[in-house]
Structure formats: C-alpha cells, structure tokens
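In our numbering, the protein residues as written are 1180 to 1544. Just so it is clear, CB atoms sit at the ideal spot from N, CA and C, and this is done for glycine as well. Everything below concerns the one structure shown next.
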C-alpha cells in the first residue's frame, strides 16, 4: 500500500453557541482536512484546526507545512513502514504540530486498514466506550447558569467551566454553575493561563472554602511559567492539570520530574499526533501520573482519532472530547458515535471514517 497523493480541503461547521475562553471567542469550526490516497484505493483521513493562540498554527501555515514539506516526504512510501514514515515526517519541519497531527492520524488510519484492525485495538484496546465532559464557556454567571442547565438537560455528568477572564468574577460564575449542577455532577475548571500564581492559589482556596467541590483546575498560569505552575500545585487544595505547558514528552517529563502538576493533558494538535502522544502516555505510565485527553475546537475526524487513543490506554482516565457535540451539525461519515456524553469507538478497520458529506468540503488541490 503505497502513498500516491496527499489531498487537502477545508470544512466549516457552525457551533451551537459561541465558544469563549480567556484566550479567544469562536463561532464556527474552520478546519483543514487531509486525505492520504494510496495505490490500493484506500484513503486515510486527518484533520487540523488553526488554533494560532495556542499552537501558533494558522490555516495557511497548516496548508503550507503539508504541501511544501510533509507531502514530499511521505508520497511514494509504503504504509507498512509506518514508524519510518512518522519519524521522517516529524523531522522534515520544525514545530507545525497541527499539520503533523492531521497527517499522523491519516497514516494510522491507513495502517489499521492495511492490517484490518481498528486503531484503538492496534494501540492497546482497553475499552470501547468513554464519557466526555462538556464545555461551559466563560460568560456572566447568569449565562453560565443557563448553559449549565442546558448541559444537565442533555444528560452531562461532567462540566468543564472556562474561567480566567476577569478573574474577580470567577467565584460568582462557579457558584452559579454549582447551584444549577447540583451536588453530584463533577465540575472541572480551565483558566487557560488566565491567572497569576498567587491569584490562582487565592481563588482556588476561595472555591474550596465555598464547597464548590472542583475536580481539578486546568492550566491556571501562563504555559511558560513552570515554577509558577509548581507553586500553585504545591499550595492549592484543588488538583492541578497541565495543558498548554505540555506540547511534547519532554515537556511532560519535566513537569512530572518537578511535580509541577498533578495531571497532564494530551492533545494531538499540541504534540503532533498519535505517535508522539504515545510517548507522553508512556512517560505518564512510568511516573504514575494520570492523563486527560483533550481537543481544540475540532470536527469529528480529528476528535475521532483522539477517541481511538483514549480507548486504547488505561493511563488516560479523563476525557474532554466534546468538539463534535459543540457543533450544530456533523458532516463526517463514519467514525466514533457521539451520543452526547457517551462516545463509542468504531470497530471498523483503521479510524472508521468513510468520507465527508457532499458539498461540505472545499478541496484545495
């Protein structure tokens, strides 16, 4: 099974409601889709969102990295030589993790198809179903309460609340969310680097004193400030999860060695795909540090790849893969089944993606 072509396209999927964090506000998913074609007629699918504020990757950068560097590196190679191809891809251009992730998942898709096995079984086959949280965007307390009620009505048991924007309002926001969510549902929070270390400790202690029962706090301080992250972890009554601070296995190892966070978040777009995510998972297994698997604002192709990884590895104990359920429609055919909070992995060989609905993709080559 030799690679003959790398084809690129764009998809646009409106969100149900605007997605707001301390870093950005978005109203639709605007992603680059990758199709890797082979001489046997098999096609592997990948996807990358432009998330410049986090990864530095814009739409143009993703397209340019694939067209000018990655595609020439992999075209003509045999899918059977998966690791050689992935190593060559990771070395053909620096950074550009979103472009690498899209191609990586398409290659794993083809490798699974070649050997007639679903990717999650290829990687470990730990389970077939997972439960995701749903994101509550940062807004006024009243609006977050309304969004929480909507999530509760839809059957979600785990809520991920965005905070960190106008920090002085964060306690009121979470009090409003907890009142609607009730005592049994889990609430986890994500500050998206929005606090200073001392501010984070003060706010987290206030949340504890108000019996908000926060499961954990994600990335309270700027990504570069590992000393600040460790300060928060050492002084917070609430567990801390590192997200934007973790782009690679080396980042994860440093955080684990410093004990700068209690958990780490694996995102394919930050680390460059499944191949590199497995290295982070292995490091976490060695240190006994549980992982969450997350996503950017992505449609189903790339989130489906994260589902495959989540279903493969026991060390991934927390799931934040709500991208497709935040969308107002699903233009992707096949893949995992998203039934609100419950996600069931596909048992079709590869990733299980069968294509994109007609008229929903604009091809670029």
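1. Indicate whether residue 1554 and residue 1490 have their beta-carbon atoms separated by less than 8 angstroms.
2. Taking 8 angstroms as the cut-off, decide whether the C-beta atoms of residue 1317 and residue 1201 are in contact.
3. Just to check my reading of the structure: residue 1462 and residue 1432 have Cβ atoms closer than 8 angstroms, yes? What is that Cβ distance to the nearest angstrom?
4. Considering just the uninterrupted stretch of the beta strand (DSSP E) at residue 1216, what are its terminal residues?
5. In angstroms, rounded to a whole number, what distance separates the CA positions of residue 1286 and residue 1259?
6. Is residue 1256 closer than 8 angstroms to residue 1216 when the C-beta atoms are compared?
7. Determine the contact status of residue 1369 and residue 1398, defining contact as a CB-CB distance below 8 angstroms.
8. Comparing C-alpha positions only, which one of 1540, 1233, 1219 and 1276 sits nearest to residue 1243?
9. Between residue 1299 and the rest of its own chain, which residues show a CB-CB distance below 7 angstroms, the 5 nearest in sequence each way excluded?
10. With H, G and I counted as helix, E and B as strand and the rest as coil, what does DSSP make of residue 1333?
11. Mind checking which residues open and close the alpha helix (DSSP H) that includes residue 1380?
12. Per DSSP, which one or two residues make a beta bridge with residue 1544?
13. Between residue 1472 and residue 1495, is the Cβ-Cβ spacing less than 8 angstroms?
14. Report back the beta-carbon spacing between residue 1482 and residue 1474 to the nearest angstrom; my notes put them in contact at under 8 angstroms.
15. Could you pull the start and end residues of the beta strand (DSSP E) that residue 1225 belongs to?
16. Would you report the Cα separation of residue 1519 and residue 1476, rounded to the nearest angstrom?
17. Specify the secondary structure class of residue 1475 as computed by DSSP and reduced to three states.
18. Using a Cβ-Cβ cutoff of less than 7 angstroms, which residues in the same chain neighbour residue 1504 once the five nearest sequence positions on both sides are dropped?
With the given structure in hand:
1. This structure cannot settle anything about residue 1554, because the visible part of the chain is limited to 1180 through 1544.
2. yes
3. 5 angstroms
4. 1204–1217
5. Cα-Cα distance, rounded: 10 angstroms.
6. no
7. yes
8. Minimum Cα distance to residue 1243 is reached at 1276.
9. 1487, 1490, 1491 and 1524
10. coil
11. 1376–1388
12. Paired residue(s): none; residue 1544 is not in a bridge.
13. yes
14. 5 angstroms
15. If you look at residue 1225, you'll find it in the beta strand (DSSP E) that goes 1222–1227.
16. 16 angstroms
17. coil
18. 1313, 1517 and 1519
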